[in-house]
Each structure stands twice: as C-alpha cells, then as structure tokens.
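S.K.: Protein chains in written order, with this note's numbering: chain V, 1 to 339; chain U, 1001 to 1339.
For glycine and all other residues, C-beta sits at the position ideal for the given N, C-alpha and C.
There are 2 protein chains.
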Amino acid sequence: MTLDLPKGRAPSIRDVARLAGVSHQTVSRVLNDHPSIRDSTKAKVLQVMEDLQYRPNRAARALSRGRSRTIGLLSAESAYGPASSIAAIQDAAQEAGYYVNTANLTNVDPESIEAALDHLMNQSVEGIVVIAPQVRVFDVLEQLSIDVPFVTLSSRGLLNDNSLSVDQMTGARQATRHLIDLGHRQIYHLAGPQDWIEAEARMRGFLDEMWEKDVPTMAPILGDWTADFGYHAGRELLRMRDFTAIFASNDQMALGFMHACREAGLVLPRDMSIVGFDDIPEAAHFWPPLTTVRQDFAELGRRCIALLLSSLSDGAPSERPEPIVPQLVVRGSTAPPLF
Amino acid sequence: MTLDLPKGRAPSIRDVARLAGVSHQTVSRVLNDHPSIRDSTKAKVLQVMEDLQYRPNRAARALSRGRSRTIGLLSAESAYGPASSIAAIQDAAQEAGYYVNTANLTNVDPESIEAALDHLMNQSVEGIVVIAPQVRVFDVLEQLSIDVPFVTLSSRGLLNDNSLSVDQMTGARQATRHLIDLGHRQIYHLAGPQDWIEAEARMRGFLDEMWEKDVPTMAPILGDWTADFGYHAGRELLRMRDFTAIFASNDQMALGFMHACREAGLVLPRDMSIVGFDDIPEAAHFWPPLTTVRQDFAELGRRCIALLLSSLSDGAPSERPEPIVPQLVVRGSTAPPLF
DNA sequence: TGCTCGTATGTGCACGGTCACAATTGTGAT
DNA sequence: ATCACAATTGTGACCGTGCACATACGAGCA
C-alpha cells in the first residue's frame, strides 16, 4: 500500500522524504552526494525516487543556490566555422553539468546585439560565450559593462583577456606564402567583412606576408563570406586578368570565385591559383579540390568552454592557453603561374 | 540620500518595493503589466528599477509560476539543413519570450539519446523540438513516455501528430521525374542513412516515381550524407558505367559524386546527370551548378515553434499546418542522356 | 448618510530546493 | 556503564516571485 500523495504536481523532495521515512534534508543530501549518509538510507531514498520518477526542480535549485548553471551563447550563425564550434561548445558545457542557452544574432546593429544580450542576461546566465566576433559586438559588450565573465573566439584579446582563437594571422600567412613560393606575384585577397575580427586578422596576415616577401600588394576586396559574393567579385575581377592567384578568406567565397573562373573559360589551376580558409568538409571535393587552411573548430569550442568554466570557478582565468595553429592543406587548386 | 541596501546580492523586487515606497506585490504587478496600477505608481517603480539595474530572477519566477518558459532542442547537427533551421527556431522562440536550451546528439545509440533527453528534462523544459529525425530517436521518445509536448521535423507523424515537415516525398518525386523526363532510364539513387526518416521518405519518393513511370529500378546506395561518401560511392559505381543519371539525397553527396565523375574523366552534364537535395547556398556554385530540390529550412523552423507553442498554450495542437512543398531548382548539372 | 461596487494596493504564504545549526544515534576507550 | 566524539539525521529559515485573499480608497446611488 504505497501511498503517493503528489496529486497534480510533480513529486518534490518532501514527497520523496515522506515515502522514504526520512527528512527532506536527507533526500537533499542524497541528491548532492553528501559523504555522511548511510548506504542503506541512500538506497532507500534512491528507490523511492525511482518509484516516483522524481526529477529535481532546476528552478528551485537555482533559486536557493543562487547559481543557474547556465551559460549563454551569443552566436551569429553565418559562416560554417561557428556552426561546428557550437556543437562542441554545447557538448563540453553539458558534460560539465551546465546548460547552454543560445541567442542568435541576425543583424549586427547595436539594438539587436543589446536585445540578444538582454535576453541572455535575463535568464541569469553565469557566463557568456560570444561566437559572433564582430567588432561591434565587443563595443556593445564593453558599453553595457556586463558583469558576468565572457569568452570569445576572436583573435585579439580585448577585455578580460578572455579570448581564444585560432591564430588567424599565421594561417593567412601560410596561405599567402604558399602562393608566393609557387611563384605568384599578382595576388588578390578576397577578404571577409571588416567588422569581423577574424576577417581583419586574415587580411593582416596576408598583407604582412606580402610585405615581408616584398611582393607588391593589390588592394583586398571586401566580401561577405558568401559563395554568391565570391562569384560576383570574380566576374568583376576577371575582366582585367591582371592577377594569377587569389587568397579567399573562406572556402565559400573561394568556391564562388572558382565558379566565375570557369564561366570565364579559365582552366584551374593552370590559369588561376586559389586558396581558401576553413577547410569545410566539402572543400576536398570542389573541382579542383581546394587548397585551404584547416581550422579545428571543435577543439576551439571545447577550449572555449574550458576557459569559461575555469574563470567561473577560480574567478581568475587559468594560464593563458596556447592559440591553436591552423594548418595549410595543399590540394589541387594551386599551381605555379603559367609564366 | 538614496539608500540602497542590496549589499552583495542582486536587487530583488522587495528592494525595489522599499525604495519606491510600495509593496513587493505592486512591483510584481508592474513587472507583469497588471491593468490596475496607477500610472504614477508604475512610473515610480520603473524608475527605481532603472536606478537599481533591477533584473527579474528567472529561477524564482519559474519556481513560483511553475513554468520554465524554456524549450529544449534536441539536435544532431550533421547536415546543413538542421543548422539553418536551428537559427530560425531560436529566433522564433526568443520572440515568443521563450528560452532555448540545446542538447546535441553525437551518437545515435539509445544511451546517448536518453542522456540528451535526460539533460533536457532535468531542466524542466516545457516542450521539446526534435531536429534529429532518426528513427531511433522516436523509439526512445516513445519508450521514455516523455510527458512534455514535442514537435519534430520529420515527415511521418508518429506520436502526438506533432510533426511538421517539408514534403520530402514530393520533392524526391519531382527530382526523379525531372531525370525521367529528360530521357534517363538508368538512374541510381544515393540515399541517406536509413534510420533517418527523411532519407527514407526521399528514397520512397524516388522509388514510387520510378515505379509509376515504369522505369526499371536499380537498388539505392545507402550513404551517410557526407561528400566523402558521395565521392567513394562514385568511384565504385563508375567502374561499371551502367547508368546515366543519379539522384543524391543531399547536396553534399552530390558534390562528392561529381568529384568522382571528374576524376573518371566524365564531362558533366553530358556524360552524367546529377540531382541533389536541399539547395545549400553553395550548390549554385558547384561545377556545373547543381540541379537540386530547395527546402525552406528557416520557414520550417519557424513553423515548428509555432506548432509547439500552440500546443503548449491550448493543450491541443491547432489545425494541422500545410506541409511545406519543396521546389525543384533546375541548374546545369542535368541534361538528356547521350544515348 | 449608508451602501455597493470597482479600482488600487497590501499581506501572507507557497513554490522546491539548500544552508546553518541542532539533535540524535553509534562507536570505542576508559 | 560512562563519556567524548564522530557519523548521521532532523528542524526551520530563506532564496525571489506570483497567487489568493484582504484591505483601503473613491465614486455613484438610494
């Protein structure tokens, strides 16, 4: 004759306590793995929990402990990279017992950014991961003087020093050097939007390498990450064939550019060498397979959470993690210039 | 002489109440836009809130109301489609005042699924969106007899009738018909993993159309959605050139297959017609630009939330929404067979 | 004036956990 | 048996908000 009282609502810790013949506090101790609980008591309580299909109420726990165990993710899901880091972030957070709440950024006007941040703050997140590394986002973050720790994937460590990144500059230099070593001297750079910190870093890497190798530089084209842009930019650029190679700031733009090349009758890579950035899974199957710079987004996401969690617990961030060095992957889209 | 007491902790409604010279309940009423509050009182309270930088405590609110205003998102971020629906889902939910918590599924073994669901349930989500439409996920959902409403993006409406989908079958039939109309008779289908409901629906669409048009069918190849698979499958298939067209269940596999074709020296689309599925933004820039079936993932995501929210408030789902009909986009990768 | 009614506000408790502290039980040495 | 002390368990308050109900105020009407 098991009498379960919980009529309408979900069973609470006190319901469990009553049925197990203990106090609610003892149940709480079982929940939190308190050391001094007799095994027999623990077993009894666990049994009742099982019977009642008891689930701790997260809100209550958060309220009394004053900790939400939730982290906010501010994302501008526009490129491939972020998408694959996000999964890693969520996994890592979940493993650490945290919940992840995501807010998307469709526009980058300050109001949207503020609204998204507000949404996150309203839910008492303990920390924020920013995966929309646009300059403006940081400005807003700075102005609002957010009082929770936050980490970002950007490459320059403003604020907090809580930033983490693939070393974009080095990657871009590798790509550029590869083209120069092949003998190219007229090289364009198809850059990303300049309010993206990563785009800026890649561009700077390109310019630095060109300058160091003493190759005359052509003004970078500012794009928007999309294949469409790469295509249209390509159609424009190819009117004057005053270059033999191009370094695109991501693989999508590289793909669009290749499309334009072929429409213009160029044979790749004979007439034009192309390097991308990111190494999306499809890049190996472009035609020709794309030479590009591989970033380990998943690793990035994991480290990101690690950094945030450490700054959540210790207060101070742990020792500065090594930047992840990206890797040039040479495939078929690059060759020496015709002459 | 503004005396703010809140020393360590964040200000609560009682702090606001005290400083505004009203009761905590009045503050609560202001928060919830209760009709009968004098404008002057409301203004006063709002002012104090502003001064104190007051933010309502979500946990407390959830606790006392018994509603978390959170929905869970169970996702298996493997294909392109989901990624772009997710953003739409989050936006729509946010607009409706809900928070979205995401759990990722890396494996599809029952334990992982259960763990992910558990994670979501533990945080008292009010509803769940399943965006990992694999058969097993449903089995687990069924077994666990989850007691919160859930919606899914699949195409067959098991359980709850809370499913929503692009009409995959129709899309697949359109693609197949296009190839048949061009004159192809030996057509392969590169299917997705069979535990994916969508993969199954697309395959069935293919088979149905072939059967109806009385074209002899060749056994579908079961793939895994990746471009890599498309490539390797292509290398195998092309040893025997016993077909003139292929319908791939997504664009990535189509891309990999194109890669294999070119390696084998085929000229596209002269020697081989290819149709994909999804219309990822890059598809228009493949070489040749890919004929494919466009799905409106964003719309799907929005409807998904609409459906879930209605079943959250009304209890019963609103009238069954129309399935979204996908659209065939004919580009350069299809042509009549050589003969 | 006394009564009713609607608007505006206050009071006290409940929600489901955790915390600090008190109380009880068990153990071993004397 | 007695005591000190550790191990185990219980008691009550509290976290911040919303709800049900009570109260105060003012207007309209007999």
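Just curious, the alpha helix (DSSP H) that U:Val1135 is in, first and last residue?
M.R.: Val1135 to Leu1144
S.K.: From V:Thr170 to V:Tyr99, what does the alpha carbon distance come to, in whole angstroms?
M.R.: 34 angstroms
S.K.: Would you tell me roughly how many angstroms separate the C-alpha atoms of U:Val1267 and U:Ser1311, rounded to the nearest one?
M.R.: 52 angstroms
S.K.: In terms of residues, what are the limits of the beta strand (DSSP E) holding V:Phe150?
M.R.: Phe150 to Thr152
S.K.: With 8 angstroms set as the bound, which would you pick, yes or no: does the beta-carbon of U:Val1330 sit closer than that to a beta-carbon of chain V?
M.R.: no
S.K.: List, in chain order, every chain U residue whose beta-carbon is nearer than 8 angstroms to that of V:Thr244.
M.R.: None at all; the shortest Cβ gap to chain U is about 20 angstroms.
S.K.: Along chain V, which residues have their Cβ under 7 angstroms away from the Cβ of U:Tyr1099?
M.R.: Asn101 and Gln123
S.K.: Going along the stretch 214–232 of chain V in order, which residues come within less than 8 angstroms of chain U, judged by CB to CB distance?
M.R.: Residues of the stretch 214–232 of chain V with a C-beta atom less than 8 angstroms from some C-beta of chain U are Thr226, Ala227, Asp228, Gly230 and Tyr231, listed in chain order.
S.K.: Which residue spans inside the stretch 270–310 of chain V form an unbroken alpha helix (DSSP H) run of at least 4?
M.R.: none
S.K.: Name the DSSP bridge partner or partners of U:Ser1075?
M.R.: Answer is U:Asn1104 and U:Ile1131, bridged to U:Ser1075.
S.K.: What does the alpha-carbon distance come out to for the pair U:Ile1113 and U:Asp1195?
M.R.: 14 angstroms
S.K.: Which residues of chain V have a Cβ atom closer than 8 angstroms to the Cβ of U:Asn1104, listed in chain order?
M.R.: Ala87, Gln90, Asp91 and Gln94
S.K.: Taking U:Gln1134 as the query, report the chain V residues whose CB atoms sit under 8 angstroms from its CB, ordered along the chain.
M.R.: Neighbours of U:Gln1134 on chain V: none; closest Cβ ~16 angstroms, over 8 angstroms.
S.K.: Taking DSSP as the reference, what is the three-state secondary structure of U:Leu1338?
M.R.: DSSP, read as helix, strand or coil, puts U:Leu1338 in coil.
S.K.: Using a threshold of 7 angstroms, is the CB atom of V:Leu179 nearer than that to any non-hydrogen atom of the ligand MN?
M.R.: Ligands displayed in this structure: none; no statement on the ligand MN is therefore possible.
S.K.: Here's a check: name, in chain order, each residue in its chain whose Cβ is nearer than 8 angstroms to the Cβ of U:Tyr1188, leaving out the five neighbours to either side.
M.R.: Met1218, Pro1220, Ile1221, Leu1237, Phe1243, Ala1245, Ile1246 and Phe1247
S.K.: In whole angstroms, what is the alpha-carbon distance linking U:Pro1336 and U:Thr1176?
M.R.: 13 angstroms
S.K.: Quick one: measure Cβ to Cβ for V:Pro269 and U:Thr1226, integer angstroms, because I've assumed they're closer than 8 angstroms.
M.R.: Going by Cβ atoms, the distance from V:Pro269 to U:Thr1226 rounds to 25 angstroms, so no, they are not a contact pair.
S.K.: For my contact list, U:Ala1199 and U:Gly1192 are in at a C-beta cut-off of 8 angstroms; report their separation, rounded to the angstrom.
M.R.: Contact between U:Ala1199 and U:Gly1192 is confirmed by a C-beta separation of about 3 angstroms, below the 8 angstroms threshold.
S.K.: Can you tell which of U:Ser1036, U:Ala1020 and U:Arg1185 has its C-alpha closest to the C-alpha of U:Val1048?
M.R.: U:Ala1020
S.K.: When the cut-off is 8 angstroms and only beta carbons count, does V:Glu282 lie next to chain U?
M.R.: yes
S.K.: Quick check on U:Tyr1054: does DSSP put it in helix, strand or coil?
M.R.: coil
S.K.: What residues of chain U sit near V:Ser370, judged by a beta carbon separation below 8 angstroms?
M.R.: The structure shown does not extend to residue 370 of chain V, since chain V spans only 1 to 339, so no value can be given for it.
S.K.: Given a cut-off of 8 angstroms on the beta-carbon distance, is the pair U:Ile1324 and U:Asp1091 in contact?
M.R.: no
S.K.: Say whether the stretch 279–294 of chain V touches the stretch 248–262 of chain V, bearing in mind that this needs 3 or more beta-carbon pairs closer than 8 angstroms, one atom from each stretch.
M.R.: yes
S.K.: Look at the alpha carbon of U:Trp1287 and the alpha carbon of U:Val1137, and state the distance between them as a whole number of angstroms.
M.R.: 36 angstroms
S.K.: With 8 angstroms set as the bound, which would you pick, yes or no: does the beta-carbon of U:Trp1196 sit closer than that to a beta-carbon of chain V?
M.R.: No, its Cβ sits nowhere closer than 8 angstroms to a Cβ of chain V.
S.K.: For a test of the three-state rule: what should DSSP assign to V:Tyr98, helix, strand or coil?
M.R.: coil
S.K.: Between V:Leu255 and chain U, is the shortest Cβ-Cβ distance under 8 angstroms, so that the two count as touching?
M.R.: yes
S.K.: Can you pull the DSSP bridge partners for V:His34?
M.R.: Per DSSP, none; premise fails for V:His34.
S.K.: Based on the DSSP output, what are the partners of U:Trp1211 in its beta bridges?
M.R.: According to DSSP, which records beta bridges pairwise, U:Trp1211 is partnered with nothing at all.
S.K.: Just curious, the beta strand (DSSP E) that V:Phe247 is in, first and last residue?
M.R.: Ala245 to Ala248
S.K.: Along chain U, which residues have their Cβ under 7 angstroms away from the Cβ of V:Arg55?
M.R.: Met1121 and Asn1122
S.K.: Quick one: what's V:Tyr188 bridged to in DSSP?
M.R.: V:Ile246
S.K.: Drop a sphere of 10 angstroms on the beta-carbon of V:Thr106, count the other beta-carbons inside from all chains shown, and report buried for 16 or more, exposed for fewer.
M.R.: exposed
S.K.: Is it a yes or a no for the stretch 1298–1311 of chain U touching the stretch 1119–1129 of chain U, going by three-plus beta-carbon pairs under 8 angstroms?
M.R.: yes
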